[in-house]
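Chemist: If you count the sequence shown from 1, you need to add 193 to reach the numbering used here. A virtual CB, placed ideally from N, CA and C, is assigned to each residue, including glycine.
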Amino acid sequence: MASSFSNGVFYAVSALFFTKVVGLSVGQVGVGLTVAGAVAIAASFAAGRVADRVGAPAVLVATTTTQGLALLAYPAASTVTTFTLAACLAVASKAAQGTARAAVLAQAFTGTDRVLVRARLGVVINVFIGAGSACGGFALLTDTGVGYTLAILGAGIFVLTSVWPLLAIRAELAARRPPGDDVIADLPPTSAGRSPLKDRTYLTVSALNVLLAMHAGLLTVGVPLWITEHTSAPPITVTLVLLLNTAAVVVIQTPVARRVHGIHTSARAILAGGFSLAAACLIYSASAGGSTTIAVILLLSAVILHTFGEVAADVGNWGLAFDLASTGAAGAYQGVNQASVAAGAMLAPLVVTGTALTLGTIGWLVLAAVFAAAGATTLLVVRTLPTAAAH
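(1) Going by C-alpha to C-alpha distance, which of M539, F515, A440 sits closest to F501?
(2) Which stretch, first to last residue, makes up the alpha helix (DSSP H) that contains V414?
(3) Considering only residues of the same chain and omitting the five flanking positions on each side of L346, which have a CB-CB separation below 7 Å?
(4) Given that a residue counts as buried once 16 or more other Cβ atoms are within 10 Å of its Cβ, and exposed if not, what is E365?
(5) Helix, strand or coil for R387 per DSSP?
(6) Do you know whose CA, among A523, L493, N510, lies nearest V308's CA?
(7) Who are the near neighbours of G315 in its chain, counting only those whose CB is closer than 8 Å to its CB and skipping five residues on each side?
(8) Grab the span of the alpha helix (DSSP H) containing M539 for me, first residue to last.
(9) Sorted by chain position, which residues of the same chain lie with C-beta nearer than 7 Å to V254's C-beta, five sequence neighbours on each side aside?
(10) On the criterion of 16 or more Cβ atoms from any shown chain inside 10 Å, does I595 qualify as buried, or is it exposed?
(11) Can you give me the start and stop residues for the alpha helix (DSSP H) that R452 sits inside?
(12) So, are the CB atoms of G325 and S218 less than 9 Å apart?
(13) Please look up how many angstroms separate the CB atoms of A465 and H423, rounded, as I've assumed it's under 8 Å.
(14) On the CB-based measure, 16 or more other CB atoms within 10 Å of its CB, does R451 come out buried or exposed?
(15) Using 10 angstroms around the beta-carbon of D516, count the other beta-carbons present and answer buried if the total reaches 16, otherwise exposed.
(16) Do L498 and L558 have their beta-carbon atoms positioned less than 9 Å apart in this structure?
(17) Inspect the beta-carbon positions of L157 and I463 and report whether they are closer than 9 Å.
(18) Within its chain, find whatever has a CB closer than 6 Å to the CB of G261; leave out the 5 residues flanking it on each side and keep chain order.
(19) Roughly how far, in whole angstroms, is the beta-carbon of A205 from the beta-carbon of L333, given that I think they are within contact range, below 8 Å?
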């Protein structure tokens with residue numbers, strides 16, 4: 194999990210590194226990352242197509258390597274252009290890495306095991322991201338250009354060290370396979386599966402997931418700004434909210450995943466997630482009024498609902514992404530799903546700032562309606578499908 198640890202370090206120091214060391218304005222950083230986010234959407238889909246041809250483990254190794262090299266290139270960036278190029282490579286590689294990881298799980302496991310394994314993997318990733326963020330805090334304490342640069346270089350090196358164990362993944366999968374299961378043995382190239390671009394149900398579910406996937410940006414961008422600019426809660430509340438979210442995800446993600454078995458329970462999980470996120474939005478809105486104590490209580494209550502919502506929506510999405518996919522084109526299908534996650538991540542800062550942070554209560558109501566509608570519509574789309582709807 195060296196890669197996840199490095200991501201935590203990067204998250205902790207990147208904003209100050211880009212502004213204080215590289216010398217970019219906040220606006221320039223925002224533009225560069227938005228461009229990188231758009232590239233990541235395409236990279237997510239392309240990685241899935243490539244995974245079906247050369248094998249998902251090979252793509253996982255390649256994208257992890259390029260992500261590490263991109264992080265090492267950041268200190269060499271001195272202009273908006275070079276920063277944007279490095280960001281495109283780093284963000285696109287990370288998105289493609291997610292596609293390759295999902296494709297490996299889709300091909301190496303079956304049934305409910307895929308969702309459960311992904312949930313457990315997500316728990317481990319969250320733990321190591323948290324550890325990395327804590328270590329990145331040392332660079333924040335020094336608050337020097339050298340400290341930030343060393344943290345970024347260290348993050349890149351950690352990513353590259355994670356490549357070595359990935360090289361053994363094919364042999365590990367081969368050892369796990371049931372007798373006669375050549376798909377798990379070799380994760381072979383294939384073009385026999387149905388194209389996800391012709392699968393209306395999968396495309397519809399993925400499009401709805403773009404809306405639900407904005408929950409991450411809401412937490413990391415919207416909520417901190419809302420707390421510091423619109424409530425009477427002290428700034429330390431931001432840290433408390435993020436720590437509570439991380440801890441709660443670690444605790445509940447696997448138990449929630451155990452309850453998801455098939456497309457219909459996946460859709461119901463997404464419905465619950467959408468409504469829980471909507472309720473969280475309403476409580477976030479209410480935290481703007483009242484005393485400091487009331488604001489803190491409401492914010493902590495909201496993040497509990499937010500966390501359950503994100504976990505339920507994510508787990509349900511994983512279930513549909515696996516169960517509705519063609520077994521002959523696992524990479525391409527997971528690429529479409531991961532592209533929806535990347536699109537949600539790219540849109541979230543724009544949508545959240547344009548609604549909740551600009552319009553206040555009305556904006557929060559809009560966000561609540563979006564999350565609730567996305568969850569309900571997903572259930573309606575899936576409800577008409579037979580239980581054994583996987584291709």
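Modeler: Short version:
(1) A440
(2) Per DSSP, V414 belongs to no alpha helix (DSSP H) and is neither H nor E.
(3) L265, P268
(4) exposed
(5) coil
(6) N510
(7) V442, Q446, D507
(8) 523-547
(9) V356, L359, L360
(10) Residue coverage of the chain in this structure runs from 194 to 584, which leaves residue 595 outside it and unanswerable.
(11) Neither: R452 is in no alpha helix (DSSP H) and is coded neither H nor E.
(12) no
(13) Going by Cβ atoms, the distance from A465 to H423 rounds to 28 Å, so no, they are not a contact pair.
(14) exposed
(15) buried
(16) no
(17) Here the chain has residues from 194 to 584 only, and residue 157 is not among them.
(18) G349, V352, L353
(19) 7 Å
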